[in-house]
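Colleague:
In the working numbering, the protein residues as written are 1410 to 1567.
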């Protein structure tokens, strides 16, 4: 049986609540009864739909970005990211160094990857999608904007 969107959202809600080490009753008590245990349980089971304002308040309560309460859509390249975003990319470090718009954080991050992997052989560095996700988090940018930045610098899929 296919999972509904409400069930997928509920699964994310339950996962984040459990990661925070909270029971349904803890959430009710700690939220000043804004989020009743029975209602939150219904959200987590996918039996009720969340409104956007309520989703935003739950995200604030859990101290997570709103998008983390939503399930990934699983559309791959159709989600706006380049087709290579499901895997890694190769970055021409010479092109990156000559690009004045690249930030110092990006350059330091890539140098740290080189050091961790002891990859000093060439001027091309291959990084994983998980590295791109970490970089997006550091820069407080979307994966889309990081993917676009590297595409403009001539990054290629691996």
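Cβ coordinates follow ideal geometry from the N, Cα and C atoms, glycine included.
Using a Cβ-Cβ cutoff of less than 8 Å, which residues in the same chain neighbour residue 1487 once the five nearest sequence positions on both sides are dropped?
Modeller: At residue 1487, the pLDDT of 37 sits below 50, so the modelled position is not reliable; the number obtained from the coordinates is stated separately. None.
Colleague: Do residue 1444 and residue 1437 come within 8 Å of each other at the CB atom, strictly closer than that value?
Modeller: Residue 1444 is positioned such that its CB atom lies closer than 8 Å to that of residue 1437.
Colleague: Straight-line CA distance for residue 1484 to residue 1553?
Modeller: Reliability of the predicted coordinates at residue 1484 is poor, the pLDDT of 39 falling under 50, and the value obtained from them is presented with this limitation in mind. Straight-line Cα distance between these residues: approximately 14 Å.
Colleague: Distance check for residue 1543 and residue 1557, CA to CA, integer angstroms please.
Modeller: 15 Å
Colleague: Among 1512, 1418, 1474 and 1528, which residue has its Cα nearest to the Cα of residue 1562?
Modeller: 1512
Colleague: Beta-carbon of residue 1449 versus every beta-carbon of chain B: anything under 8 Å?
Modeller: In the structure shown, chain B does not exist; there is a single protein chain.
Colleague: So, for residue 1413: in the same chain, excluding its five sequence neighbours on each side, which residues have a beta-carbon less than 8 Å away from its beta-carbon?
Modeller: 1455
Colleague: How many whole angstroms separate the CB atoms of residue 1536 and residue 1500, which I take to be in contact at a CB cut-off of 8 Å?
Modeller: For a cut-off of 8 Å, the C-beta gap from residue 1536 to residue 1500 is around 7 Å, short enough to register as a contact.
Colleague: In whole angstroms, what separates the C-alpha of residue 1516 from that of residue 1473?
Modeller: 27 Å
Colleague: Is it right to say residue 1489 is buried, meaning 16 or more other beta carbons lie within 10 angstroms of its own, or is it exposed?
Modeller: Note that residue 1489 has pLDDT 47, beneath the 50 cutoff, so the model's placement of it is unreliable and the number below is only indicative. So residue 1489 counts as exposed.
Colleague: Starting from the Cα of residue 1539, find the closest Cα among 1529, 1533 and 1518 and give me that residue.
Modeller: Across the set 1529, 1533 and 1518, the C-alpha of 1518 shows the shortest separation from the C-alpha of residue 1539.
Colleague: Once you ignore the five residues that flank residue 1523 on each side, which residues in its own chain have a CB closer than 7 Å to its CB?
Modeller: 1529 and 1534
Colleague: On the three-state DSSP scale, how would you describe residue 1501?
Modeller: Here residue 1501 sits in strand by DSSP.
Colleague: Is residue 1419 helix, strand or coil when you go by DSSP?
Modeller: helix
Colleague: CB-CB under 8 Å to residue 1504, same chain, minus the five flanking residues each way: which ones, in chain order?
Modeller: Within the same chain, 1562 and 1563 come within 8 Å of residue 1504 by CB-CB distance, once the 5 residues on both sides are set aside.
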